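Engineer: Below you will find the structure I want to go over with you.
Residue numbers (this note's numbering): 143 to 273.
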């Protein structure tokens, strides 16, 4: 076994001696440094991952849904303000009562947050480390 490796080793040494080594040109280092400096000069200004308009949309949807849940589950009537209009929401569908432990609620919330973050982080990483 050792003999075979010695034979291959001698063959590789002879091939490398025949091929020789390449010498880089005199300005090789300066050309590389110029490319590195040019690449580092492309600093982009900071842009937030989620824009202001998206944050406002998220806040509006959240506020509207909270107001809707409040009015659907309350017995508030606007009969005093408008005698002929009735703003009570019809209960077209009854939501079943689901009792989950606090640990399960946290688990569901963190998994939902994880799946929500993955597309944003992937897009951010793709933009940030584009080659």
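Glycine included, C-beta positions come from ideal geometry on N, C-alpha and C. All values derive from a computational prediction rather than experimental measurement.
(1) For the alpha helix (DSSP H) containing residue 194, name the first residue and the last one.
(2) Do you know how far the Cα of residue 171 is from the Cα of residue 248?
(3) Starting from residue 186, trace the alpha helix (DSSP H) in both directions and tell me its first and last residue.
(4) Could you tell me the distance, in whole angstroms, from the CA atom of residue 120 to the CA atom of residue 179?
(5) Would you mind reading off the limits of the alpha helix (DSSP H) that contains residue 263?
(6) Using beta-carbon positions only, say whether residue 192 and residue 262 come within less than 9 Å of one another.
Structural biologist: With the structure as the only source:
(1) Following the DSSP letters along the chain, one finds residue 194 inside the alpha helix (DSSP H) bounded by residues 194-214.
(2) For residue 248 and residue 171, the distance between alpha carbons rounds to 56 Å.
(3) Unbroken run through residue 186: none, as it is neither H nor E.
(4) The structure shown does not extend to residue 120, since the chain is modelled only from 143 through 273, so no value can be given for it.
(5) 244-270
(6) yes
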